[in-house]
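Participant:
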Ligand code: HEM
């Protein structure tokens, strides 16, 4: 049977059906099997698709047999990232996150709304602001690692998750009140735990009366109550410019916009941005860090080199360790855009409605860009020139590039400094990636053992 996708003809003429078999090649399996393979077995499926179908391939997904075309060549990645944001929409691909993140989330909006929000959020994530957060992050990292027991093996992913959560609460939300922190922690944890099945079911109001959905809704209501209370109180303080946290900086950019006659951020927008930062920035950074710990911990040479970097304040090496860990162990498998009109991408003329995107997993495995791609080698990121932004793409790219990229690298450097400044780290056993909700995490939790460094 022939399958058809709908396409709007250029110039807005009436839509014509276009045979889906004009899309790049891909498996002919049942659509549910393709969806499950892509979501649950991404680390095996992307390489298999590449081996079998070449540099560009199509996977069809539920609901509605939607084609997703994945690209792996840097030139195609560059074109997608540089594409006109009016044609390459990103928000639609993330719609499933809407019930939790809210309609104003940066991840869900496109066009003018996205542009306006990005402009208001950006100052809180640039160099000057990042330097302001560094001290707080370093303190939290030191406090975390000081509590580690010598000689015992433990899952570093769990500890990194606890630490990055604390960073979000104090450095992003700027909460200092112990009582409120104690109320927020479990609520935030439960929000981060929400899995795709809960999110998919959210669209059906009747489900919201049942067990897991009801508990999720109740948790969300309570989390929102706490966040709104924090926002209201923060709006009233008279020392905003003395505070070095993301929420306070967002309020400053919002006040400046209003003073310039533009629209600032209302409470609902602020809430949506805070929840987005929480969900986008917590587990991603924790997982990257835990991969970095076990990669360094399995090689005495790398351990010695990293400890020397801490002693010599060589942040470039610590950052290279993080970048190489993000290359070899991508936390997010791909970046997606939905075409709003028929568009040629690479060698393919694709109909409107097709979702396209670079496979991060395969881009990071290209021998031409990363010789011996299976080897962990931070030196790649100290070379001149460093890997290009359409080759090393853990944070996506273009106008949608992760707004927290600089934040997470700054946070990562501080955490590595705290860990390797204090301990000899040894990796316990091996680990492989496992899909957890949207991110890929080390299946065994990235086990390590630490001894006080002499
Ligand atoms: C290792 C850590 C992280 C990884 C691997 C990561 C990865 C990504 C990726 C792949 C995207 C999509 C980019 C695109 O569509 O081109 C993204 C977007 C985003 N990330 Fe991150 N992220 C990380 C940490 C963070 C942190 C720490 C924050 C905030 C504190 C953050 C906030 C966001 C936001 C708000 C967006 C949406 C940007 C937009 O659509 O304009 N992320 N991230």
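Numbering (my numbering), first residue to last: 3 to 456.
C-beta atoms are modelled at their ideal positions from N, C-alpha and C, and glycine is treated no differently.
Please read these numbers as outputs of a predicted model, since none were measured by experiment.
What does a CB cutoff of less than 8 Å around residue 64 pick up in its chain, not counting 5 residues either side in sequence?
Facilitator: Closer than 8 Å at Cβ, skipping near neighbours: 33, 34, 37.
Participant: Under DSSP, the beta strand (DSSP E) around residue 450 begins and ends at which residues?
Facilitator: Residues 449-454.
Participant: In whole angstroms, what separates the C-alpha of residue 388 from that of residue 380?
Facilitator: If I take the Cα positions, the gap works out to 11 Å.
Participant: Buried or exposed: where does residue 321 fall if 16 or more other Cβ atoms within 10 Å of its Cβ makes it buried?
Facilitator: It counts as buried.
Participant: Within 10 angstroms of its Cβ, does residue 432 collect 16 or more other Cβ (buried), or is it exposed?
Facilitator: Label assigned to residue 432: exposed.
Participant: Using 8 Å as the threshold, is the C-beta distance between residue 76 and residue 371 below it?
Facilitator: It is a contact, given that the beta carbons lie within the stated cut-off.
Participant: Considering just the uninterrupted stretch of the alpha helix (DSSP H) at residue 215, what are its terminal residues?
Facilitator: Counting along the chain, the alpha helix (DSSP H) containing residue 215 begins and ends at 213-238.
Participant: Rounded to the nearest angstrom, how far is the Cβ of residue 336 from that of residue 360, given a contact under 8 Å?
Facilitator: Confirmed, about 7 Å.
Participant: The ligand HEM heavy atoms versus the CB of residue 120: any closer than 7 Å?
Facilitator: True, at least one ligand heavy atom lies under 7 Å from that Cβ.
Participant: Between which two residues does the alpha helix (DSSP H) containing residue 51 stretch?
Facilitator: First-last of the alpha helix (DSSP H) with residue 51: 44-55.
Participant: Can you have a look at residue 509 and say buried or exposed, based on whether 16 or more other CB atoms are within 10 angstroms of its CB?
Facilitator: This structure cannot settle anything about residue 509, because the visible part of the chain is limited to 3 through 456.
Participant: Would DSSP call residue 359 helix, strand or coil?
Facilitator: In the structure shown, residue 359 sits in a strand (DSSP, three-state: E or B).
Participant: Going by the CB atoms, is the gap between residue 305 and residue 426 shorter than 8 Å?
Facilitator: In contact: residue 426 and residue 305 (Cβ atoms closer than 8 Å).
Participant: Can you list, in chain order, the residues of its chain whose CB lies under 8 Å from that of residue 221, leaving out five sequence neighbours each side?
Facilitator: Excluding residues within five positions, the ones whose Cβ falls inside 8 Å are 189, 192, 193.
Participant: If residue 292 and residue 444 are in contact, beta carbons under 8 Å, what's the gap, nearest whole angstrom?
Facilitator: Rounded, the Cβ-Cβ distance is 6 Å, consistent with contact.
Participant: In whole angstroms, what separates the C-alpha of residue 341 from that of residue 70?
Facilitator: For residue 341 and residue 70, the distance between alpha carbons rounds to 11 Å.
Participant: Of all the options 448, 410, 179, which has the alpha carbon lying nearest to the alpha carbon of residue 132?
Facilitator: Considering only alpha carbons, the answer is 410.
Participant: Are three or more beta carbon pairs between the stretch 444-453 and the stretch 151-160 nearer than 8 Å?
Facilitator: Touching, per the Cβ criterion.
Participant: Between which residues of its own chain and residue 61 is the CB-CB distance below 6 Å, once the five residues before and five after are set aside?
Facilitator: So the list reads 28, 36, 40, 70, once near-sequence residues are dropped.
Participant: Can you tell me which residues form a DSSP beta bridge with residue 60?
Facilitator: DSSP, once it has assigned bridges, lists 71 as partnering residue 60.
Participant: What is the DSSP secondary structure of residue 174, counted as helix, strand or coil?
Facilitator: Helix at residue 174.
Participant: Tell me the DSSP secondary structure of residue 301 in three-state form.
Facilitator: Three-state result, residue 301: coil.
Participant: So residue 348 and residue 58 are in contact, right, with Cβ under 8 Å, and what is the actual spacing, rounded?
Facilitator: Their Cβ separation, rounded to whole angstroms, is 6 Å, which keeps residue 348 and residue 58 in contact under 8 Å.
Participant: Measuring alpha carbon to alpha carbon, tell me which residue in 456, 363, 313 is nearest residue 72.
Facilitator: Of 456, 363, 313, the residue nearest in Cα terms is 363.
Participant: Need the endpoints of the alpha helix (DSSP H) that residue 325 sits in, please.
Facilitator: Here the alpha helix (DSSP H) through residue 325 covers 317-330.
Participant: If you count every other CB in all the chains shown that lies within 10 Å of the CB of residue 46, and 16 or more means buried, which is it?
Facilitator: Exposed, by the Cβ-count rule.
Participant: When you compare the CB positions of residue 167 and residue 177, do they come within less than 8 Å of one another, or not?
Facilitator: For residue 167 and residue 177, no; Cβs fall outside 8 Å.
Participant: State yes or no: is the C-beta of residue 246 nearer than 7 Å to some heavy atom of the ligand HEM?
Facilitator: It does not: the Cβ of residue 246 is nowhere closer than 7 Å to a heavy atom of the ligand HEM.
Participant: Decide if residue 159 is buried, meaning its Cβ has at least 16 other Cβ atoms within 10 Å, or exposed.
Facilitator: Buried: at least 16 other Cβ atoms inside 10 Å.
Participant: Could you tell me if residue 392 is buried or exposed, where buried requires 16 or more neighbouring beta carbons within 10 angstroms of its beta carbon?
Facilitator: Its Cβ being crowded by 16 or more others within 10 Å, residue 392 is buried.
Participant: DSSP beta-bridge partners for residue 340?
Facilitator: Bridge partners of residue 340: 91, 357.
Participant: So what's residue 443 in DSSP terms, helix, strand or just coil?
Facilitator: It is a strand residue.
Participant: Going by the DSSP bridge assignment, what does residue 155 pair with across the sheet?
Facilitator: The partner list for residue 155 (beta bridge, DSSP) reads 451.
Participant: According to the neighbour-count rule (16 or more other Cβ atoms, all chains shown, within 10 Å of its Cβ), is residue 244 buried or exposed?
Facilitator: With fewer than 16 other Cβ atoms within 10 Å, it is exposed.
Participant: What's the gap between the Cα of residue 93 and the Cα of residue 87?
Facilitator: Computed Cα separation, rounded: 11 Å.
Participant: Which of the three DSSP states is assigned to residue 247 in this structure?
Facilitator: In this structure, residue 247 counts as coil in the three-state DSSP scheme.
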